[in-house]
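Notes to accompany the following structure.
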Amino acid sequence: MSELLLRIVTPDRTIMDRMVSSVSFVGTDGRYGVLPHHAPLMTGIAQSGTAMITEIDGKQNEMFVTDGFAQVQHNTLTLVCEAGEFADEIDLERVKAAEVRAREQLAGLDKLSEDFLMAEGALRRALAREMIARRSGTGSMR
């Protein structure tokens with residue numbers, strides 16, 4: 009079976025550095041699917057997206073990734089992102105608190121302001137993280 013090296017790096021840590029069967033993720037211009045020996049590629053990662061990783065044994069893991077770029081070169085996919093969490097790492101209480109804060113901020117802002125766009129991005133990230141955690145059924149309630 010053909011394999012692909014997947015590296016996922018954030019400012020805080022290296023989340024993953026191992027061989028996988030395939031990866032799909034949301035880029036700034038659509039969803040990408042990367043299989044072993046994919047052609048060279050460089051693209052942005054969506055502001056609040058997901059990555060679906062198919063392990064060598066066929067098991068699938070979904071994770072939240074945001075704000076960064078992806079590069080495929082020499083049978084290696086590198087995702088460099090601002091944040092990344094597997095579904096079982098997502099704290100649902102913290103996500104719900106972030107959602108409430110973002111909604112409160114949005115309520116009082118001019119829709120054309122930079123602050124509105126930042127609050128809207130925070131809301132999108134919170135909703136994406138919540139969706140991943142609930143879909144997997146493994147999000148933690150700390």
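Start counting the sequence shown at 9; every next residue gets the next number (the numbering used here).
Note that beta-carbon positions come from the ideal geometry of N, C-alpha and C, so glycine has one too.
None of the values given here were measured: they were computed from a predicted structure.
Bridge partners for Val28 per DSSP, in chain order? Counting from one through the sequence shown, the residue named residue 28 turns up at place 20. DSSP, once it has assigned bridges, lists Leu12 as partnering Val28.
Check whether the region 107 to 115 and the region 66 to 78 touch, using three or more Cβ-Cβ pairs below 8 Å as the test. no
Take Ala130 and list the residues in its own chain whose beta-carbon comes closer than 6 Å to its own, dropping the five residues that flank it on each side. Here residue 130 corresponds to residue number 122 of the sequence shown, with the count starting at 1. Within the same chain, Ala130 has close Cβ partners Ala110.
Reference Gly38; option with closest CA among Arg26, Thr86, Ala105 and Ala78: To locate residue 38, count along the sequence shown from 1; it is residue 30. With distances taken between CA atoms, Gly38 lies nearest to Ala78 out of Arg26, Thr86, Ala105 and Ala78.
Alpha helix (DSSP H) containing Leu125: first to last residue? Here residue 125 is taken as the residue at index 117 of the sequence shown, counted from 1. Taken as a continuous stretch (DSSP letters only), the alpha helix (DSSP H) holding Leu125 covers Glu122 to Ser144.
Answer yes or no: do Val80 and Leu49 have a C-beta to C-beta separation smaller than 9 Å? Counting from 1 along the sequence shown, the entry for residue 80 is found at position 72. Counting from 1 along the sequence shown, the entry for residue 49 is found at position 41. Their beta carbons are under 9 Å apart, which means Val80 touches Leu49 by this criterion.
DSSP three-state label for Arg111, please. Position 103 of the sequence shown, counting from 1, holds the residue named residue 111. Correct three-state label for Arg111: helix.
Considering only C-alpha positions, which residue in the set Leu14, Thr58, Ser32 and Val31 is nearest to Phe94? Mapped onto the sequence shown, residue 94 falls at position 86. It is Thr58.
Mark Arg133 as exposed unless 16 or more other C-beta atoms lie within 10 angstroms of its C-beta, in which case mark it buried. For the purposes of this step, residue 133 is taken as the residue at position 125 of the sequence shown. The residue in question, Arg133, is buried, as its Cβ has 16 or more Cβ neighbours within 10 Å.
Own chain residues within Cβ distance below 7 Å of Asp118, not counting five before or after: Stepping through the sequence shown from its first residue, residue 118 is reached at position 110. If we look at Asp118 and ignore the five residues flanking it on each side, its Cβ neighbours are Phe124.
Buried or exposed: which applies to Ser148, given that a residue is buried once 16 or more other Cβ atoms fall within 10 Å of its Cβ? Reading the sequence shown from its first residue, position 140 is the one you call residue 148. Interpretation of Ser148 is limited by its pLDDT of 49, a score under 50 that renders its predicted location unreliable; no figure is taken from the coordinates.
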